[in-house]
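Under my numbering, the first residue of the sequence shown carries the number 2, and numbering increases by one thereafter.
Everything on this sheet refers to the single structure shown next.
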Amino acid sequence: MDALDTQRAEGAAGKPVRATGVPRRYAAPGTLDRVPTQRSGPEGPVGAPRRRNVTMLVGFGAVAVLVVAGTVVQQQRADAAEQQLAAQARTARALTALAGDTAARDDVSTAGSAELAAARAAAVTATTTALTHANGTLAAAPHVGDDLRAPLQSGIVSVSSILGGQPVSLAALRAGASGLAGQDKAVADAEQAWQAADAARVAAEQAAAAQAAAQAAAQAAAQQAAQRSARSTRTVRSSAPAASAPQPPSAGPVAIPAGGLVCPGAPVGTPGAESSVGAIGAAINDYRASNGLPALSVSRSGTLVGHALEMADAGGIWHSGSDNIVGCISNGSASALVGAWSRSPSHNAQMLRTDVSSMAVGGALGGGWLYGAVKFN
2 MDALDTQRAE GAAGKPVRAT GVPRRYAAPG TLDRVPTQRS GPEGPVGAPR RRNVTMLVGF
62 GAVAVLVVAG TVVQQQRADA AEQQLAAQAR TARALTALAG DTAARDDVST AGSAELAAAR
122 AAAVTATTTA LTHANGTLAA APHVGDDLRA PLQSGIVSVS SILGGQPVSL AALRAGASGL
182 AGQDKAVADA EQAWQAADAA RVAAEQAAAA QAAAQAAAQA AAQQAAQRSA RSTRTVRSSA
242 PAASAPQPPS AGPVAIPAGG LVCPGAPVGT PGAESSVGAI GAAINDYRAS NGLPALSVSR
302 SGTLVGHALE MADAGGIWHS GSDNIVGCIS NGSASALVGA WSRSPSHNAQ MLRTDVSSMA
362 VGGALGGGWL YGAVKFN
């Protein structure tokens with residue numbers, strides 16, 4: 002506020018008189034540089050300049066506040082934008098990582114599915130192979146007891162239902178194949194053991210037959226020597242009636258070798274005649290056909306015909322070493338002879354062999370009995 006120096010003049014009225022032409026001194030805002038004087042009345046409104054200064058200061062302050070507030074708002078907006086950009090960047094990185102994880106999981110899942118499918122296909126193949134082999138083993142093991150055949154048959158049925166039913170687990174396929182393989186091996190081993198024992202029996206019979214044949218040959222030679230000696234003996238005449246020369250003993254029927262069998266009720270020493278080998282071969286092929294097997298070619302064997310004639314003369318049967326099966330039947334029927342063979346496990350197995358394509362046959366009839374000998378090749 003500007004103030005004027007005054008001089009007190011004493012007038013008649015005793016009032017102060019404002020000096021004119023006196024320079025005024027500037028005073029800083031908000032200060033008063035004046036000399037206190039005694040006033041008799043008001044000098045006019047003194048507070049107006051102060052209000053103007055206060056108003057200006059308030060205006061400047063408001064402007065400053067607005068500027069500062071604007072700056073703060075802009076800074077806050079900038080910070081928010083920066084934070085938003087950072088959040089977007091983090092989100093993008095997270096989405097990228099998530100996409101990578103998802104792709105990796107998809108790859109793992111695809112690889113696992115392919116591996117499982119391959120393992121299942123391999124298990125199905127192995128189980129199918131085991132099933133086929135088990136069926137073949139069962140068909141080729143007619144001499145094995147039911148204590149081993151029954152479990153294998155049950156296993157075949159079980160595995161067949163597994164393969165032909167709804168999809169089953171990989172473990173079930175593997176367990177079925179493994180169990181079937183064990184049962185298959187047990188039956189195959191038992192059949193091999195029987196075959197070995199039967200081969201040993203046949204070898205023993207053949208050895209016995211050879212020995213018997215040697216003995217028969219020696220006996221025949223001795224008889225022939227005796228006959229020649231008898232014919233060369235001269236009758237000595239005397240006064241007494243001459244005695245008749247002794248007759249050589251009859252050769253008699255062929256003896257049944259050790260290990261052979263007597264055909265009960267068959268005549269002995271009755272000369273036999275060759276029978277139809279075609280009838281015996283046809284009866285065997287009919288039996289094979291009834292079991293789903295192909296026919297074999299049939300041929301006559303002179304050796305086996307001779308053996309059949311010997312058996313007819315002896316009234317018994319035995320192996321000669323050139324045959325697989327021999328037999329005799331009282332009614333002379335080839336089909337009846339095959340029926341008798343089918344009731345013997347070893348003879349039945351020979352007739353149902355799958356590793357042969359032909360058979361050599363010899364047959365003879367003696368006293369109504371049919372004698373047969375067959376070799377499978």
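No residue lacks a Cβ here, since even glycine has one placed at the ideal position from N, Cα and C.
Here's the rule I'm using: 16 or more other beta-carbon atoms within 10 Å means buried, otherwise exposed. How should residue i be labelled?
i    : result
S321 : buried
A361 : buried
D3   : The predicted position of D3 is uncertain, since its pLDDT is 44 and thus under 50; a value taken from the coordinates is nonetheless stated next. D3 should be labelled exposed.
E83  : exposed
Q184 : buried
A131 : buried
L171 : exposed
S302 : buried
L139 : buried
Q351 : buried
N286 : buried
A365 : buried
P258 : buried
G340 : exposed
V375 : buried
L310 : buried
L117 : exposed
G266 : exposed
V160 : buried
V73  : exposed
A142 : buried
L86  : exposed
G71  : exposed
D356 : exposed
G282 : buried
L278 : A small fix is needed here, since residue 278 is Val in this sequence, not Leu. V278 comes out buried.
Which residues does DSSP list as the beta-bridge partners of residue i?
i    : result
I326 : V375
A274 : L366
V339 : None; V339 has no bridge partner.
A317 : The sequence shown places Gly at residue 317, not Ala. Paired residue(s): V263.
Once DSSP output is grouped into helix, strand and coil, what is the label at residue i?
i    : result
G369 : coil
A361 : strand
H308 : helix
P1   : Because the chain here runs from 2 to 378, residue 1 falls outside it and cannot be looked at.
H134 : helix
V158 : helix
I257 : coil
D356 : coil
G333 : coil
L294 : coil
A222 : helix
V269 : coil
P143 : coil
Give every residue of the same chain whose Cβ lies closer than 7 Å to the Cβ of residue i, excluding the five residues on either side of it in the sequence, and list them in chain order.
i    : result
V237 : Confidence at V237 is low in this model, with a pLDDT of 36, below 50, so its placement is unreliable and no value can be given for it.
A337 : I330
S276 : G364, A365, L366, L371
L305 : S323, D324, A361, V362, G363, A374, K376
I326 : W342, H348, Q351, V375
Between which two residues does the beta strand (DSSP E) carrying residue i extend?
i    : result
S298 : 298-301
Suppose the cutoff is 8 Å on Cβ atoms and the five residues either side in sequence are ignored; what does the same chain contact list for residue i look like?
i    : result
S358 : L297, S298, N378
I163 : T128, V169, A173, L174, G177
G307 : G363
S343 : Y288, N349, M352
L262 : G317, I318, W319
Q207 : H320, S321, G322
L294 : L353, T355
To which residues of the same chain is residue i closer than 6 Å at the C-beta, ignoring the five residues directly before and after it?
i    : result
A280 : A335
G369 : G333
Q212 : none
A199 : In the sequence under discussion, the amino acid at residue 199 is Asp, which differs from the Ala named in the question. Around D199: S347.
A191 : V145, L149
R121 : L171
Quick one: does the C-beta of residue i sit closer than 6 Å to a heavy atom of the ligand FAD?
i    : result
R344 : The model on display carries no ligand, and the ligand FAD is accordingly not part of it.
Which residues bound the alpha helix (DSSP H) around residue i?
i    : result
P168 : Where P168 is concerned, there is no enclosing alpha helix (DSSP H), given that its DSSP letter is neither H nor E.
A350 : 346-352
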